[in-house]
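**Q**
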Amino acid sequence: MEATQYVSPMNGQLTAPLAAVGRRVIDFAAAFGRFGGFTVSVARATPDLRTWGGLVAGSMKRLGVESLPIALFIAAFTGIVLALQASYTFTGAVPLYFVGVLVGKTMILELGPVLTGLALAGRVGANIAAEIGTMRVTEQVDALETLAYDPIAYLVVPRVIAGTLMFPVVVAFADAIGIVAGWITALNLLEMSTPEFLRGLRLFFEPFDVRYSLIKAASFGATVTALGCYFGYTTSGGAAAVGRSTTQAVVVSSMLILVLDAFWAVTLL
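Note that the working numbering has the sequence shown beginning at 2, numbered continuously upward.
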């Protein structure tokens with residue numbers, strides 16, 4: 002007669018959290034592996050220039066040019082707030098022309114690319130995930146395969162290339178508008194002159210700052226578009242699944258933007 006093993010309720014309470022963590026780790030590793038396989042498929046589809054070559058210009062317009070208004074709006078008010086906060090912080094302790102230092106350095110190195118990247122993660126990442134996810138659940142992706150098109154080359158490659166190319170352009174405009182907004186604020190609200198603001202702006206400026214900002218922007222663009230395509234392409238189910246994929250694309254893209262921001266700061270600065 003076999004002895005029945007007794008499992009204490011206390012042991013179950015202790016092991017349940019560990020089991021939950023283990024399942025999360027396994028799910029994360031599986032998702033990471035699936036994304037790795039998706040990335041390899043994108044790399045293999047890239048030489049198929051005949052499929053995606055004519056689609057890049059349209060994707061650049063949708064992902065980049067149409068994203069300029071929201072990016073410039075955010076950058077303008079960021080520049081205004083930076084100038085006002087700098088004047089408040091520096092009052093009586095630091096020369097007022099350091100407002101130009103803070104506005105220029107902060108916009109170019111940090112807030113310009115990061116805030117623009119986060120805004121476009123919501124606009125571009127969600128748009129891509131919803132569009133491709135809808136095509137997946139309505140079997141339009143399968144129709145492309147039936148017509149002898151590579152869905153990865155047709156849907157994913159042009160969007161990733163367009164995002165990688167256009168995010169730096171959008172960020173460059175955002176950096177410039179943020180600095181101009183800070184300059185106008187300094188002139189009208191802080192009683193600074195243009196030479197004073199420009200003196201601060203030039204004081205610690207390095208040409209590498211611009212390259213650093215654009216490198217970060219390109220990595221953000223590749224990340225946002227690739228994740229939007231991945232979550233959209235792997236959608237399964239109905240309308241609710243498209244909503245979940247869209248949410249996941251925005252959340253994961255935003256998290257990875259912050260991770261990449263720290264990575265580039267450690268690597269390049």
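Heads up, the beta-carbon is just placed ideally off N, CA and C, and yes, glycines get one too. These figures come from a predicted structure and were not determined experimentally.
Tell me whether P48 sits in a helix, a strand or coil according to DSSP, three-state version.
**A** Position 47 of the sequence shown, counted from the first residue, corresponds to residue 48. P48 falls in the coil class under three-state DSSP.
**Q** Mapping the DSSP letters down to three states, classify E207 as helix, strand or coil.
**A** Working through the sequence shown from its first residue, we reach residue 207 at position 206. Of the three classes helix, strand and coil, the one that applies to E207 here is coil, per DSSP.
**Q** Going straight from the alpha carbon of M2 to that of V26, what length do you get?
**A** One-based indexing of the sequence shown puts residue 2 at position 1. One-based indexing of the sequence shown puts residue 26 at position 25. Because M2 carries a pLDDT of 45, less than 50, the predicted location of this residue cannot be relied on, and the following value inherits that uncertainty. M2 and V26: Cα-Cα distance of roughly 39 Å.
**Q** With 16 as the cutoff for other CB atoms within 10 Å, does M256 come out buried or exposed?
**A** As a first step, residue 256 is located in the sequence shown; it is residue number 255 there, counting from the start. Result: exposed.
**Q** Give a yes or no on whether the C-beta atoms belonging to D210 and T52 are separated by under 8 Å.
**A** Counted from its first residue, the sequence shown places residue 210 at position 209. Counted from its first residue, the sequence shown places residue 52 at position 51. Contact flag unset, no.
**Q** Does M167 come out as helix, strand or coil in the three-state DSSP assignment?
**A** Stepping through the sequence shown from its first residue, residue 167 is reached at position 166. In this structure, M167 counts as helix in the three-state DSSP scheme.
**Q** Would DSSP call Y155 helix, strand or coil?
**A** Residue 155 sits at position 154 when you count from the first residue of the sequence shown. Helix, per DSSP.
**Q** First and last residue of the alpha helix (DSSP H) that includes G101?
**A** Here residue 101 is taken as the residue at index 100 of the sequence shown, counted from 1. Residues F99 to T107.
**Q** Have a look at A122 and A163 and give me their C-alpha separation to the nearest angstrom.
**A** The residue you call residue 122 lines up with position 121 of the sequence shown. The residue you call residue 163 lines up with position 162 of the sequence shown. If I take the Cα positions, the gap works out to 14 Å.
**Q** With a cut-off of 8 Å on the beta carbons, I'd call T113 and A175 a contact; round off their distance for me.
**A** To locate residue 113, count along the sequence shown from 1; it is residue 112. To locate residue 175, count along the sequence shown from 1; it is residue 174. The amino acid occupying residue 113 in the given sequence is Gly; Thr does not appear at that position. Rounded, the Cβ-Cβ distance is 5 Å, consistent with contact.
**Q** Count the other C-beta atoms from every protein chain shown that fall within 10 angstroms of the C-beta of Y231, then say buried if there are 16 or more, exposed otherwise.
**A** Within the sequence shown, numbered from 1, the residue matching residue 231 stands at position 230. Looking at its Cβ environment, which holds 16 or more other Cβ atoms inside 10 Å, Y231 is buried.
**Q** Excluding sequence positions up to five away, which residues of its chain have a Cβ less than 6 Å from the Cβ of A227?
**A** Here residue 227 refers to the residue found at position 226 when the sequence shown is read from its first residue. These residues qualify, in order along the chain: V161.
**Q** If I follow the unbroken alpha helix (DSSP H) through R137, where does it start and stop?
**A** Along the sequence shown, read from residue 1 onward, the residue named residue 137 stands at position 136. Segment A127 to V138, the alpha helix (DSSP H) holding R137.
**Q** Leaving out five residues before and five after L271 in sequence, what residues of the same chain have Cβ atoms less than 7 Å from its Cβ?
**A** What is shown of the chain runs 2 to 270, which leaves residue 271 out entirely.
**Q** So for E146, helix, strand or coil by DSSP?
**A** As a first step, residue 146 is located in the sequence shown; it is residue number 145 there, counting from the start. If DSSP states are grouped into helix, strand and coil, E146 belongs with the helices.
**Q** Locate the alpha helix (DSSP H) running through V115, then write down its first and last residues.
**A** Within the sequence shown, residue 115 is the residue found at index 114, counting from 1. G113 to L121 is the extent of the alpha helix (DSSP H) around V115.
**Q** Alpha carbon to alpha carbon, what distance is there between R212 and K62?
**A** On the sequence shown, residue 62 is found 61 positions in, with the first residue counted as 1. On the sequence shown, residue 212 is found 211 positions in, with the first residue counted as 1. When rounded, the distance between both Cα atoms is 23 Å.
**Q** Which residue's Cα is closest to the Cα of A219: S246, T186, L261 and A250?
**A** Residue mapping note: residue 219 aligns to position 218 of the sequence shown, counting from 1. Measuring from the Cα of A219, the nearest candidate turns out to be L261.
**Q** I'd like the list of long-range same chain contacts for K217, defined as Cβ closer than 6 Å, with 5 residues on each side in sequence excluded.
**A** One-based indexing of the sequence shown puts residue 217 at position 216. Contacts found: P114 and W265.
**Q** Just the Cα atoms here: how many angstroms apart are N128 and V251?
**A** Taking the first residue of the sequence shown as 1, we reach residue 128 at position 127. Taking the first residue of the sequence shown as 1, we reach residue 251 at position 250. Cα to Cα, N128 sits roughly 10 Å from V251.
**Q** If we count the other Cβ atoms within 10 Å of its Cβ and call it buried at 16 or more, is L50 buried or exposed?
**A** Position 49 of the sequence shown holds residue 50. Exposed: under 16 other Cβ atoms inside 10 Å.
**Q** Anyone know if the C-beta pair for G233 and R124 falls short of 8 Å?
**A** Taking the first residue of the sequence shown as 1, we reach residue 233 at position 232. Taking the first residue of the sequence shown as 1, we reach residue 124 at position 123. Cβ atoms of G233 and R124: not closer than 8 Å.
**Q** How long is the line joining the alpha carbons of V253 and P196, rounded to whole angstroms?
**A** Translated into positions along the sequence shown, residue 253 becomes position 252. Translated into positions along the sequence shown, residue 196 becomes position 195. When rounded, the distance between both Cα atoms is 43 Å.
**Q** Less than 8 Å between the beta carbons of G134 and V225, yes or no?
**A** Here the question's residue 134 lines up with position 133 in the sequence shown. Here the question's residue 225 lines up with position 224 in the sequence shown. No, they are not a contact pair.
**Q** Just the Cα atoms here: how many angstroms apart are L56 and F39?
**A** Walking along the sequence shown from the start, residue 56 turns up at place 55. Walking along the sequence shown from the start, residue 39 turns up at place 38. Those two C-alpha atoms are separated by around 20 Å.
**Q** Kindly give me the distance between the Cβ atoms of A87 and L103, rounded to whole angstroms, as I take these residues to be in contact under 8 Å.
**A** By one-based count along the sequence shown, residue 87 stands at place 86. By one-based count along the sequence shown, residue 103 stands at place 102. That pair is a contact at about 4 Å.
**Q** Going by beta carbon distance, what residues of the same chain come within less than 7 Å of F206, once the five residues before and after it are set aside?
**A** To locate residue 206, count along the sequence shown from 1; it is residue 205. So the list reads G105, once near-sequence residues are dropped.
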